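Asks:
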Amino acid sequence: MRTGQILIALVAGVMLAFAASGGKAQTACSAMLITDPTSADFLTGDTPFGHTQDGMNCYGWQMFLSLNWPADPGWPQTPAMAGEPDRSATIADFGLPGPAGQPMQRPTVWQSFMPAPEIFKPFAAMPTGWGETSPPPASCGSASLAASAGSIRMLNAVSKSAVSPRHGFNLDTGTMSSISDEIEEATGGWLTDQKGKLVFFERMIGKAEYDYIVAKGLYDAANQLKVATNADGATPEGLSLPKGTPPGSAVQNQDELGAFELKAAWRNLTGLDDLYGRYLTSTVYLLYPDGSCEKAVVGLVGLHIIHKTASMPDFVWSTFEQIDNVPGASAPEVDFSFNNPASNAKPNQMPHCVNGVCDYSLPIQVTREVAIPAGVAQTNRDVQQLLADRTGGKSVFQYYQLVNVLWDGAPTPPSPEPGANAQVPLVYGTFQTDGSVPVANTTMETYAQQFTPGLGPSCTACHKGATIANSATLASDFSFLFSTASSATKLPGLFISRDFVP
Numbered sequence: 007m008r009t010g011q012i013l014i015a016l017v018a019g020v021m022l023a024f025a026a027s028g029g030k031a032q033t034a035c036s037a038m039l040i041t042d043p044t045s046a047d048f049l050t051g052d053t054p055f056g057h058t059q060d061g062m063n064c065y066g067w068q069m070f071l072s073l074n075w076p077a078d079p080g081w082p083q084t085p086a087m088a089g090e091p092d093r094s095a096t097i098a099d100f101g102l103p104g105p106a107g108q109p110m111q112r113p114t115v116w117q118s119f120m121p122a123p124e125i126f127k128p129f130a131a132m133p134t135g136w137g138e139t140s141p142p143p144a145s146c147g148s149a150s151l152a153a154s155a156g157s158i159r160m161l162n163a164v165s166k167s168a169v170s171p172r173h174g175f176n177l178d179t180g181t182m183s184s185i186s187d188e189i190e191e192a193t194g195g196w197l198t199d200q201k202g203k204l205v206f207f208e209r210m211i212g213k214a215e216y217d218y219i220v221a222k223g224l225y226d227a228a229n230q231l232k233v234a235t236n237a238d239g240a241t242p243e244g245l246s247l248p249k250g251t252p253p254g255s256a257v258q259n260q261d262e263l264g265a266f267e268l269k270a271a272w273r274n275l276t277g278l279d280d281l282y283g284r285y286l287t288s289t290v291y292l293l294y295p296d297g298s299c300e301k302a303v304v305g306l307v308g309l310h311i312i313h314k315t316a317s318m319p320d321f322v323w324s325t326f327e328q329i330d331n332v333p334g335a336s337a338p339e340v341d342f343s344f345n346n347p348a349s350n351a352k353p354n355q356m357p358h359c360v361n362g363v364c365d366y367s368l369p370i371q372v373t374r375e376v377a378i379p380a381g382v383a384q385t386n387r388d389v390q391q392l393l394a395d396r397t398g399g400k401s402v403f404q405y406y407q408l409v410n411v412l413w414d415g416a417p418t419p420p421s422p423e424p425g426a427n428a429q430v431p432l433v434y435g436t437f438q439t440d441g442s443v444p445v446a447n448t449t450m451e452t453y454a455q456q457f458t459p460g461l462g463p464s465c466t467a468c469h470k471g472a473t474i475a476n477s478a479t480l481a482s483d484f485s486f487l488f489s490t491a492s493s494a495t496k497l498p499g500l501f502i503s504r505d506f507v508p
């Protein structure tokens with residue numbers, strides 16, 4: 007191609023981007039994504055892109071890419087390597103499925119983070135050390151895990167709060183105490199796929215937040231109260247999770263990344279090995295509500311990523327789904343995970359236990375109530391094509407999509423932030439999303455996809471009300487994790503679910 011033709015093609019490309027954006031030239035996300043793990047912009051404490059919705063959409067994908075990168079191969083044998091990406095891997099290695107008929111062989115960065123139950127333990131026991139893992143219950147055959155060296159995780163559907171109040175647990179006031187967080191949706195109920203398999207959830211915490219919780223003893227509800235109210239004069243900022251710092255010229259350490267919280271939804275794919283090439287897969291132990299245990303292969307169907315950054319101290323909130331969850335992104339002939347096109351069932355109906363009997367095997371008919379905005383859908387196609395091209399069509403992550411990103415372009419946090427005795431609702435500024443629509447993941451907010459009370463859409467509408475474990479008014483910096491803490495000390499005003507009152 008001659009020089010003149012090249013210039014004409016470049017100008018045409020710019021004009022197409024200009025026209026598609028309604029008058030503002032934009033750069034495709036695939037051209038901005040950092041795929042070199044040795045780059046200072048790869049896994050960062052703040053966005054390296056612009057503070058626009060398109061920039062935030064791309065930052066959502068950047069976090070998805072860097073957090074789903076293969077974890078450092080030194081973990082789990084060397085616990086300190088948890089949360090570190092394999093910086094020798096290349097984009098050609100990203101999301102490669104396992105050998106035929108087998109799940110993926112390597113954990114991702116976020117899978118080496120700390121599971122919330124390893125931090126918030128019964129009786130406020132000391133959290134598990136960073137990067138270390140605990141064996142599953144004996145009912146799962148713990149002896150068989152000797153060769154796994156902690157690489158197989160436990161997903162637990164048995165309620166940890168379903169105990170007698172005399173044991174001194176601080177019971178969560180916002181959930182049905184008979185149902186575990188690991189199977190409970192954001193607004194209650196559970197989710198069962200079209201194969202009759204229960205969906206399990208897990209919540210993971212990055213190192214900066216883990217270190218903050220341990221250092222201040224926030225795994226104990228009594229200490230949460232002291233910190234949130236600055237009772238000893240040492241925490242004028244109140245309960246304030248660490249925020250990340252902007253990227254510089256060098257790779258950032260974990261402390262500079264700020265608070266990361268992730269919530270994952272997993273579908274049981276045992277026996278469905280023909281689908282392994284379309285999912286992030288993992289081998290886990292599933293502990294069911296009836297106490298039975300199963301070693302299973304699960305596939306990721308949903309992922310929330312929230313991140314507290316320097317420019318967004320009220321977090322940036324992004325959520326992803328596997329494209330075959332419900333009709334919309336996949337071909338009509340796909341066997342959808344949560345939708346039967348021939349079903350006449352009313353969609354998105356929350357299941358309930360009847361007379362104490364819970365039927366976890368009844369499939370839930372799910373649809374997407376709020377369409378993914380056109381701008382996000384275009385970014386998805388752009389990035390999915392990049393991943394397919396760079397991995398020879400093999401990456402499982404080409405089958406994932408960003409639903410939307412919620413972010414605050416002009417947060418005005420109190421100083422110090424969020425401040426001692428900060429009350430709920432905790433509100434900093436005005437949140438925005440692509441298309442100004444509510445943000446909901448069909449696997450985690452199945453029954454509240456258009457929940458927009460009060461200020462702003464979706465995530466923050468609930469999270470602004472997040473409190474510490476023993477208070478209905480003291481804010482916990484947008485995180486619901488703290489309400490799950492118990493205490494060795496009986497606290498005044500301790501809520502006891504009526505389920506446990508004799």
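Adding 6 to a residue's 1-based position in the sequence shown gives its number in the numbering used here.
Positions of the beta carbon are idealized from the N, C-alpha and C atoms, including for glycine.
Keep in mind that this is a model prediction, so the values were computed, not measured.
Quick one: Cα of G89 to Cα of N350, how far?
Replies: As a position in the sequence shown, residue 89 is number 83, starting the count at 1. As a position in the sequence shown, residue 350 is number 344, starting the count at 1. C-alpha separation (whole angstroms): 45 Å.
Asks: In terms of residue numbering, what span does the alpha helix (DSSP H) encompassing R396 cover?
Replies: Along the sequence shown, one-based indexing puts residue 396 at 390. Where R396 is concerned, the enclosing alpha helix (DSSP H) stretches over 380-396.
Asks: Exposed or buried, what is M69 when buried is set at 16 or more other beta-carbons lying within 10 Å of its beta-carbon?
Replies: Looking up residue 69 in the sequence shown gives position 63. By the neighbour-count rule (16 or more Cβ atoms within 10 Å), M69 is buried.
Asks: Which whole-angstrom value is the C-beta distance of K249 and T315, which I expect to be below 8 Å?
Replies: As a first step, residue 249 is located in the sequence shown; it is residue number 243 there, counting from the start. As a first step, residue 315 is located in the sequence shown; it is residue number 309 there, counting from the start. K249 to T315, Cβ: 6 Å. Contact.
Asks: Using a Cβ distance threshold of 8 Å, determine whether the region 385-402 contacts the region 289-303, with at least three qualifying pairs required.
Replies: no
Asks: So what's C299 in DSSP terms, helix, strand or just coil?
Replies: Counted from its first residue, the sequence shown places residue 299 at position 293. Reduced to three states, the DSSP call for C299 is strand.
Asks: Is it right to say L306 is buried, meaning 16 or more other beta carbons lie within 10 angstroms of its own, or is it exposed?
Replies: For this step, residue 306 is matched to residue 300 along the sequence shown. That one is buried.
Asks: On the CB-based measure, 16 or more other CB atoms within 10 Å of its CB, does M132 come out buried or exposed?
Replies: Counting from 1 along the sequence shown, the entry for residue 132 is found at position 126. Classification for M132: exposed.
Asks: For L247, count neighbouring Cβ atoms within 10 angstroms of its own Cβ and tell me buried if that reaches 16, exposed if not.
Replies: One-based indexing of the sequence shown puts residue 247 at position 241. Buried: at least 16 other Cβ atoms inside 10 Å.
Asks: Hey, how far is the Cα of N361 from the Cα of D92?
Replies: Walking along the sequence shown from the start, residue 361 turns up at place 355. Walking along the sequence shown from the start, residue 92 turns up at place 86. So the alpha carbons of these two residues sit roughly 50 Å apart.
Asks: Is L204 closer than 9 Å to Y453 when the C-beta atoms are compared?
Replies: Residue 453 sits at position 447 when you count from the first residue of the sequence shown. Residue 204 sits at position 198 when you count from the first residue of the sequence shown. No, the pair does not count as a contact, with Cβ atoms beyond the cut-off.
Asks: Helix or strand or just coil, what does DSSP make of E327?
Replies: Counting from 1 along the sequence shown, the entry for residue 327 is found at position 321. E327: strand per DSSP, three-state reduction.
Asks: On a CA-only basis, which of L412, Q404, P417 is nearest V445? Give me that one, please.
Replies: Looking up residue 445 in the sequence shown gives position 439. Selected option, being the one with the closest Cα: L412.
Asks: On the criterion of 16 or more Cβ atoms from any shown chain inside 10 Å, does E124 qualify as buried, or is it exposed?
Replies: As a position in the sequence shown, residue 124 is number 118, starting the count at 1. Counting Cβ neighbours within 10 Å, E124 comes out buried, since at least 16 surround it.
Asks: Closest by CA to V409, which one among C465, A428, A256, P319?
Replies: Counted from its first residue, the sequence shown places residue 409 at position 403. Comparing Cα positions, the closest option is C465.
Asks: Excluding five sequence neighbours on each side, which residues of the same chain lie with their C-beta closer than 7 Å to the C-beta of P103?
Replies: Residue numbering aside, residue 103 sits at position 97 when the sequence shown is read from its first letter. Closer than 7 Å at the Cβ level, and outside the excluded window around P103, lie M110, Y282, G283, K400, V402.
Asks: Do the CB positions of A494 and A237 come within less than 9 Å of each other?
Replies: Counting from one through the sequence shown, the residue named residue 494 turns up at place 488. Counting from one through the sequence shown, the residue named residue 237 turns up at place 231. Their beta carbons are not under 9 Å apart, which means A494 does not touch A237 by this criterion.
Asks: Suppose contacts are defined by Cβ-Cβ distances below 9 Å. Is S324 in contact with G66 by that definition?
Replies: As a first step, residue 324 must be located in the sequence shown, where it is residue number 318. As a first step, residue 66 must be located in the sequence shown, where it is residue number 60. Against a cut-off of 9 Å, the Cβ pair of G66 and S324 comes out as a contact.
Asks: Quick check: the region 206-224 against the region 258-269, are there 3 or more CB pairs under 8 Å?
Replies: yes
Asks: On a Cα-Cα basis, can you pick out the residue from M160, Q456, T44, A77 that is closest to P143?
Replies: Numbered from 1 along the sequence shown, position 137 holds the residue referred to as residue 143. Checking every option, the nearest Cα to that of P143 belongs to M160.
Asks: For L368, is the classification buried or exposed, using 16 other Cβ atoms within 10 angstroms of its Cβ as the cut-off for buried?
Replies: Sequence index remark: in the sequence shown, residue 368 carries index 362 (1-based). Using a 10 angstroms sphere on the CB of L368, the tally of other CB atoms stays under 16, which defines it as exposed.
Asks: Roughly how many angstroms lie between the CA atoms of T44 and W116, to the nearest whole one?
Replies: Within the sequence shown, residue 44 is the residue found at index 38, counting from 1. Within the sequence shown, residue 116 is the residue found at index 110, counting from 1. Answer to the nearest angstrom: the Cα atoms are 18 Å apart.
Asks: Between which two residues does the beta strand (DSSP E) harbouring A37 extend?
Replies: By 1-based counting over the sequence shown, the position of residue 37 is 31. A37 -> not in any beta strand (DSSP E); alpha helix (DSSP H) instead, spanning 35-38.
Asks: Leaving out the 5 sequence neighbours to the left and right, which residues in its chain are closer than 7 Å to N447 when beta-carbon positions are compared?
Replies: The residue you call residue 447 lines up with position 441 of the sequence shown. Closer than 7 Å at the Cβ level, and outside the excluded window around N447, lie G308, H310, T325, E327, V409.
Asks: When you measure from the CB of A228 to every non-hydrogen atom of the ligand HEM, does any distance come out below 8 Å?
Replies: Looking at this structure, you won't find the ligand HEM or any other ligand, since it has none at all.
Asks: Among N63, A37, Q200, T439, whose alpha-carbon lies nearest the alpha-carbon of N274?
Replies: The residue given as residue 274 occupies position 268 in the sequence shown. Closest option to N274, Cα to Cα, is Q200.
Asks: Of the choices F321, M87, V233, whose alpha-carbon is the least far from that of G264?
Replies: Counting from 1 along the sequence shown, the entry for residue 264 is found at position 258. Closest by alpha carbon: F321.
Asks: Quick check on DSSP: helix, strand or coil for P128?
Replies: Indexing the sequence shown from 1 puts residue 128 at position 122. In this structure, P128 counts as helix in the three-state DSSP scheme.
Asks: Within the continuous alpha helix (DSSP H) that includes M160, where are the two ends?
Replies: The sequence position of residue 160 within the sequence shown is 154, counting from 1. Note, M160: premise wrong, no alpha helix (DSSP H); beta strand (DSSP E) at 159-162.
Asks: Does the distance from the CB of W81 to the CB of S140 come in under 9 Å?
Replies: On the sequence shown, position 75 is the one that residue 81 refers to. On the sequence shown, position 134 is the one that residue 140 refers to. Taking 9 Å as the Cβ cut-off, W81 and S140 do not qualify as a contacting pair.
Asks: Near E188, which residues of its chain fall below 6 Å by C-beta distance, leaving aside the five closest residues on each side in sequence?
Replies: For the purposes of this step, residue 188 is identified with residue 182 of the sequence shown, where counting begins at 1. So the list reads L161, N162, A163, F206, F207, once near-sequence residues are dropped.
Asks: Sort out for me which residues DSSP pairs S492 with in a bridge.
Replies: Stepping through the sequence shown from its first residue, residue 492 is reached at position 486. Paired residue(s): D226.
Asks: Which term fits F48, buried or exposed, when burial requires 16 or more other beta carbons within 10 angstroms of its beta carbon?
Replies: As a position in the sequence shown, residue 48 is number 42, starting the count at 1. F48 comes out buried.
Asks: Let's test the definition: count the other Cβ atoms within 10 Å of the Cβ of G147 and tell me whether it reaches 16, buried, or not, exposed.
Replies: Counted from its first residue, the sequence shown places residue 147 at position 141. Under this definition G147 is an exposed residue.
Asks: Measure the C-alpha to C-alpha separation of M7 and L71 and round it to an integer number of angstroms.
Replies: Here residue 7 refers to the residue found at position 1 when the sequence shown is read from its first residue. Here residue 71 refers to the residue found at position 65 when the sequence shown is read from its first residue. With a pLDDT of 41 at M7, under the threshold of 50, the modelled position of this residue cannot be trusted, and the question is left open.
Asks: So what does DSSP say about D414, is it helix, strand or coil?
Replies: Working through the sequence shown from its first residue, we reach residue 414 at position 408. The answer is strand: DSSP assigns D414 an E or B state.
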